[in-house]
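Reminder that position 111 of the sequence shown reads as 97 in the working numbering, one-by-one numbering, no gaps. Glycine is no exception: its CB is placed at the ideal position from the N, C-alpha and C atoms. Heads up, the thing below is written out as C-alpha cells.
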Amino acid sequence: MEEKSNSPKRIAVAMSGGVDSSVTAALLTEQGHDVIGITMRVWNPSADCGSRDEAEASCCSPDDVRDASRIADQLGIPFYVVNFEDEFRRLVINDFISEYYRGRTPNPCVRCNELVKFGLLLEKARELGADFLATGHYAQVEKGDDGFYHLLKGLDPKKDQSYFLFALTQEQLARTLFPLGGLTKLEVRALASRFELRVAEKSESQEICFIPDDNYVRFLEEQKETENLSGSIVDQKGNVLGRHHGTYRYTVGQRRGLGIAWKEPLYVLGVDAKRREVIVGPHEELHKEGLRASDVNWLRPKPTTEFSTTCRIRYRHQAVTCRVTPLSDNRVEVHFTEKEKSVTPGQAVVFYDGNRVLGGGWIEEGL
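Here's what the structure looks like:
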C-alpha cells in the first residue's frame, strides 16, 4: 500500500452535485492537486420514481449531474459521468428489497460505500490514473505507527459518517481521502461561499437516494408482488392480536400503524417473515442485553479473545459500552453494560475505541 503524503497527487473526487463534494473538489484544487471529478449514475430516477417531481428531488437527478458538471467547469477540472445503474441494482437495491422481505431492516448506504463508491468507483478512478479517491464524507483516515490505516470519526459530531464506512478494507482506506473530516458543516458552508460555488446554499438530501419520497413501502410494493404476504400480529406467546398486510411494513421499535386497540402501547419486538408474523409487546420488552452479528469486518488485526469497547447499533445511536466475544466465521456476540432498546436485525453494529473505528458487522438477532 502506498503511503499518503502532502505532495501534489492526481485525485478523483466523487461529485454528487451537493455542497460537500463540491467543497472537497475546490479544496483539493486550491491545494494544487491534479483533480478530476466523477459523478456516478447509480439508478434511473425517471424510471424508478413515482413522478417527475420525485425524480428531480433525488440525489441522482439530472439537476444534480448538471450541478456537478458546472462546479467542475468552474474549477477548471476534467469531469466524467460513469454509469453503474446495473451494478447498483444488483449490489444495493436488490439486497435492500430482499432484506426487507426477509423481515430485516437494511442499511443500503453501507453496502453502497463498500461495494460501489469505494469499490467500483475507486477502480474507475485508478483506471483514470488517479492515486486517490476523495469524497465529501465527514470522517478521517490516518496511517498509524502500526502500519494500519485507521478510520476515525469526523470532527463534527452531528455530521460524523464513520458508521457508514466500517466495511472498508485497508486497501480501500489507503486510497481514500476525506478532506472534510476535520471541518464542521458550518465551516464547509463558509468555504462554499468563499469559493463562490453555485451550490453553496443547496439543501441536503436526507432520504435513501433511490427512494426520494422516503416511502419505502411504496417502493417495495412496486418492485415485488405483495398480494399474498398478509399475516398475523401476535404477542410473545403467539396469541393473535390483529392482522397485517406484509411484514416488510414493520421494523423493530415501531409503534404506529399496528391498528390494535390495547390497554397499553404496543411496539414491534420482532418480525418472522417465514411465518408471516409481526411480534409485538410492551415498551420494556424492546430492551435487549446484547446481540449477535455476522460478516464482521475488522480495521485492525482480528481479535481472538473477548474485549471491552463501545458500539453503536444504528446511525443516530449514542455509543454505549459493551463486551465483544469473537466467534467463528467472522461472527461476534455482544453484551451491553446496560440493556439497549431496538436491536434491529439487518442494521449494523459498529465498534469504537474513542474516535477510532475498530470494525463492525451486521446484526442477526438480539439477546
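Look at the alpha carbon of residue i and the alpha carbon of residue j, and state the distance between them as a whole number of angstroms.
i, j, result
"Arg342", "Lys327", "24 angstroms"
"Thr307", "Gly347", "17 angstroms"
"Lys274", "Gly352", "6 angstroms"
Can you give me the start and stop residues for the alpha helix (DSSP H) that residue i sits inside?
i, result
"Asn80", "80 to 87"
"Tyr202", "202 to 209"
"Arg238", "What sits at residue 238 in the sequence shown is Val, not Arg. Neither: Val238 is in no alpha helix (DSSP H) and is coded neither H nor E."
"Thr91", "Element bounds for Thr91: n/a, residue is neither H nor E."
"Thr15", "5 to 16"
"Ala178", "171 to 180"
"Pro48", "48 to 61"
Taking the continuous beta strand (DSSP E) assigned at residue i, which residues delimit it?
i, result
"Ser294", "293 to 298"
"Glu351", "342 to 352"
"Glu187", "Premise fails: Glu187 is in no beta strand (DSSP E) and is neither H nor E."
"Glu356", "Past the boundaries of the shown model lies residue 356; the chain is included only from -13 to 353, so the question cannot be answered."
Kindly indicate which three-state DSSP category residue i falls into: helix, strand or coil?
i, result
"Ser280", "strand"
"Lys260", "coil"
"His231", "coil"
"Leu255", "strand"
"Glu193", "coil"
"Leu138", "strand"
"Ser218", "strand"
"Val96", "helix"
"Asp154", "Looking at the sequence itself, residue 154 is Leu, so the reference to Asp does not match. Looking at Leu154 - three-state DSSP - the assignment turns out to be coil, as it is neither helix nor strand."
"His19", "coil"
"Tyr301", "coil"
What do you get for residue i, buried or exposed, if any count of 16 or more other CB atoms within 10 angstroms of its CB means buried?
i, result
"Leu119", "buried"
"Asn283", "buried"
"Ser148", "buried"
Measuring alpha carbon to alpha carbon, tell me which of the options ends up nearest residue i.
i, options, result
"Arg76", "Ala11, Lys249, Leu106", "Leu106"
"Asp132", "Val335, Ile219, Gln156", "Gln156"
"Trp248", "Leu313, Ser294, Val266", "Val266"
"Phe196", "Leu227, Val78, Gln147", "Val78"
"Asp81", "Arg204, Gln209, Leu215", "Gln209"
"Lys145", "Gly352, Arg302, Gln333", "Arg302"
"Asn167", "Phe181, Ala160, Leu137, Glu182", "The sequence given here has Gly at residue 167, not Asn. Ranking the options by Cα distance to Gly167, first place goes to Leu137."
"Gly23", "Phe293, Leu206, Gly122, Asp221", "Gly122"
Can we count residue i as close to the ligand NAD, meaning its CB is less than 7 angstroms from some heavy atom?
i, result
"Ser189", "With respect to the ligand NAD, the structure offers nothing, as it holds no ligand at all."
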